[in-house]
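S.K.: Below you'll find the structure I mean.
Residue numbers (our numbering): 4 to 482.
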């Protein structure tokens, strides 16, 4: 057995040296050069800084409730759990493919009891025609990667795993952005509901005032009817706003992996929208695409598709495997260990699709077409990322300007309503001026609350376009 072992080692060593010296067919991957990103042009009243963006973008709003919801979502959101499962599957696939580069060894054992027929063994009695066979063996095979099929498959698996990891990060960013946007929509709807309720209370007082004047003969039925009509119009807004509040609460619960009503007690109490930072850190333009997880995923998909061309091309050449088997085979357990019970076999096995190369070339064409598609998807992802970023910056700047204007307008409407009531009480104007001023105040305050919501969600879009949340704790992926 020593001579056999020496021979096997020498043979394996020779094959290994040949494999190491072999080439890998197919194109070597080179990452595409992304386009240069220009600095954002000033837009509206937003101030941007090229300082590195704040990690975990939602923390810039200083809202503990939002922070807690984000932590819950990163742990329990169903979409993220799906992405995590995909990553675990990709990691397992990469481990499986990596093992193709080493020998595969299997073990087997068997027992057979049989009897030959009288025709097969003429002249022998039943006992003589009956026998047993015990067998145990180790089998091994190893693909000698002369043409790089295994290496290209490993490249593809590694790139695929990296792509799925980037897709998980992109999902984390998307969930964080959706949660922040929904949270601001909730607080905005609550603010608008409070504005409408407060104005309804004021208008109810006005209606009661006109009723009292009418009863005392100093007012008119027209003034009272107008006051009632305005009150009912304001009250009619309340159900729609309550629906918006409930829908936002339910969405936040689902985003954090809970049933829709689970957060009602926590989020139902009215709270104001958090203050927006005046200075927004967006980082250096050249770092934008580096931070985008969707761009990274598309680039890794391209790398995997390129490696798969090599996998398909390797089928044009012979596949060489070194196979071997060693074991024992005895008719009685007492014979185990006898010199005559051992058997072995080893040697190379070559397979080649020599008469099926048309099919092989068709598969190569498919792999090349998929790589072309992956390149186009990468370029599309890059362009969409740049478009999303440019649109988000422009929208936030313009909405910030609108917010400042509406804030000034709401203050003026409040003063106008106050003056209209003073003039009416002094007999200097009619009641219609009071109603118009109150209606204008309600509309101004409602527009201001809506503008604050839209500006906050626009800022979330800016951070999302930056790849915001890029340092979301990866211990989530390790669970």
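Beta carbons are placed, not taken as given, at the ideal position from N, Cα and C, and that holds for glycine.
Who does residue 118 pair with in a DSSP beta bridge?
M.R.: Translated into the one-based positions of the chain shown, residue 118 becomes position 115. Per DSSP, 133.
S.K.: For the alpha helix (DSSP H) that residue 282 lies in, which residues bound it at each end?
M.R.: Within the chain shown, the letter at position 279 stands for residue 282. It is not in any alpha helix (DSSP H) - residue 282 instead sits in the beta strand (DSSP E) that spans 282-284.
S.K.: Which residue from 161, 356, 385, 408 puts its Cα closest to that of residue 310?
M.R.: Your numbering for residue 310 matches position 307 in the chain shown. Closest by alpha carbon: 161.
S.K.: For the segment 442-461 against the segment 419-433, do three or more pairs of beta-carbon atoms, one drawn from each stretch, fall closer than 8 Å, so that the two count as touching?
M.R.: These segments touch.
S.K.: Could you tell me which whole beta strand (DSSP E) segments of length 3 or greater appear in the segment 283-339?
M.R.: 322-333
S.K.: Unbroken alpha helix (DSSP H) runs of length 4 or more, entirely within the segment 334-397: which are they?
M.R.: none
S.K.: Please report the residue range of the alpha helix (DSSP H) in which residue 226 lies.
M.R.: Here residue 226 refers to the residue found at position 223 when the chain shown is read from its first residue. Note, residue 226: alpha helix (DSSP H), 224-258.
S.K.: With a floor of 4 residues, list each alpha helix (DSSP H) that falls wholly inside the segment 151-199, ordered by position along the chain.
M.R.: none
S.K.: In the DSSP assignment, what residue or residues form a beta bridge with residue 52?
M.R.: One-based indexing of the chain shown puts residue 52 at position 49. According to DSSP, residue 52 bridges with 284.
S.K.: What are the start and end residues of the alpha helix (DSSP H) that includes residue 451?
M.R.: Taking the chain shown and counting its residues from 1, one reaches residue 451 at position 448. Its alpha helix (DSSP H) spans residues 434-468.
S.K.: What residue from 278, 234, 334, 369 has the CA that sits closest to residue 308's CA?
M.R.: Here residue 308 is taken as the residue at index 305 of the chain shown, counted from 1. Closest by alpha carbon: 369.
S.K.: Could you tell me which of 55, 195, 168, 73 sits nearest to residue 304, measuring between CA atoms?
M.R.: For the purposes of this step, residue 304 is taken as residue 301 along the chain shown, with counting starting at 1. The shortest C-alpha separation from residue 304 is found at 168.
S.K.: Where residue 464 and residue 395 are concerned, what is the direct C-alpha to C-alpha distance, given to the nearest angstrom?
M.R.: Against the chain shown, residue 464 aligns to sequence position 461. Against the chain shown, residue 395 aligns to sequence position 392. The straight-line gap from Cα to Cα measures roughly 6 Å.
S.K.: If we call anything under 8 Å between Cβ atoms a contact, is residue 297 one with residue 388?
M.R.: One-based indexing of the chain shown puts residue 297 at position 294. One-based indexing of the chain shown puts residue 388 at position 385. Yes, they are a contact pair.
S.K.: Among 81, 280, 94, which has the Cα closest to the Cα of residue 164?
M.R.: Position 161 of the chain shown holds residue 164. When each option's Cα is compared against that of residue 164, the closest is 94.
S.K.: State the Cα-Cα distance for the pair residue 452 and residue 312, rounded to the nearest angstrom.
M.R.: Within the chain shown, the letter at position 449 stands for residue 452. Within the chain shown, the letter at position 309 stands for residue 312. Whole-angstrom Cα-Cα distance: 56 Å.
S.K.: I'd like the span of the alpha helix (DSSP H) that includes residue 264, first residue to last.
M.R.: What you label residue 264 is simply residue 261 of the chain shown in a count that begins at 1. That residue, residue 264, is in no alpha helix (DSSP H); it is neither H nor E in DSSP.
S.K.: Alpha carbon to alpha carbon, how far is residue 24 from residue 149?
M.R.: Here the question's residue 24 lines up with position 21 in the chain shown. Here the question's residue 149 lines up with position 146 in the chain shown. Confidence at residue 24 is low in this model, with a pLDDT of 44, below 50, so its placement is unreliable and the value that follows should be read with caution. Approximately 8 Å between the Cα atoms of the pair.
S.K.: So, is residue 129 buried or exposed, given that buried needs 16 or more other C-beta atoms within 10 angstroms?
M.R.: Indexing the chain shown from 1 puts residue 129 at position 126. Residue 129 comes out exposed.
S.K.: Nearest-angstrom Cα distance between residue 5 and residue 31?
M.R.: Looking up residue 5 in the chain shown gives position 2. Looking up residue 31 in the chain shown gives position 28. Unreliable positioning characterises residue 5 in this predicted model, as indicated by a pLDDT of 41, which lies under 50. A coordinate reading is not provided.
S.K.: State the CB to CB distance for the pair residue 454 and residue 386, rounded to an integer number of angstroms; the pair is presumed to be in contact (CB under 8 Å).
M.R.: Sequence index remark: in the chain shown, residue 454 carries index 451 (1-based). Sequence index remark: in the chain shown, residue 386 carries index 383 (1-based). Actually they are not in contact, since the Cβ atoms of residue 454 and residue 386 sit about 31 Å apart, beyond 8 Å.
S.K.: Do residue 462 and residue 283 have their C-beta atoms within less than 8 Å of each other?
M.R.: What you label residue 462 is simply residue 459 of the chain shown in a count that begins at 1. What you label residue 283 is simply residue 280 of the chain shown in a count that begins at 1. Result yes, Cβ atoms of residue 462 and residue 283 sit closer than 8 Å.
S.K.: Give the secondary structure of residue 412 by DSSP, where H, G and I count as helix, E and B as strand, and everything else as coil.
M.R.: For the purposes of this step, residue 412 is taken as the residue at position 409 of the chain shown. The answer is helix: DSSP assigns residue 412 an H, G or I state.
S.K.: Under three-state DSSP, which class holds residue 60?
M.R.: Here residue 60 is taken as the residue at index 57 of the chain shown, counted from 1. Residue 60 falls in the helix class under three-state DSSP.
S.K.: Rounded C-beta distance between residue 108 and residue 143? I'm assuming under 8 Å.
M.R.: By 1-based counting over the chain shown, the position of residue 108 is 105. By 1-based counting over the chain shown, the position of residue 143 is 140. Yes, residue 108 and residue 143 are in contact; Cβ-Cβ is about 5 Å, under 8 Å.
S.K.: Who are the near neighbours of residue 61 in its chain, counting only those whose CB is closer than 6 Å to its CB and skipping five residues on each side?
M.R.: Position 58 of the chain shown, counted from the start, is the residue given in the question as residue 61. Same-chain partners within the cutoff: 69, 73, 183.
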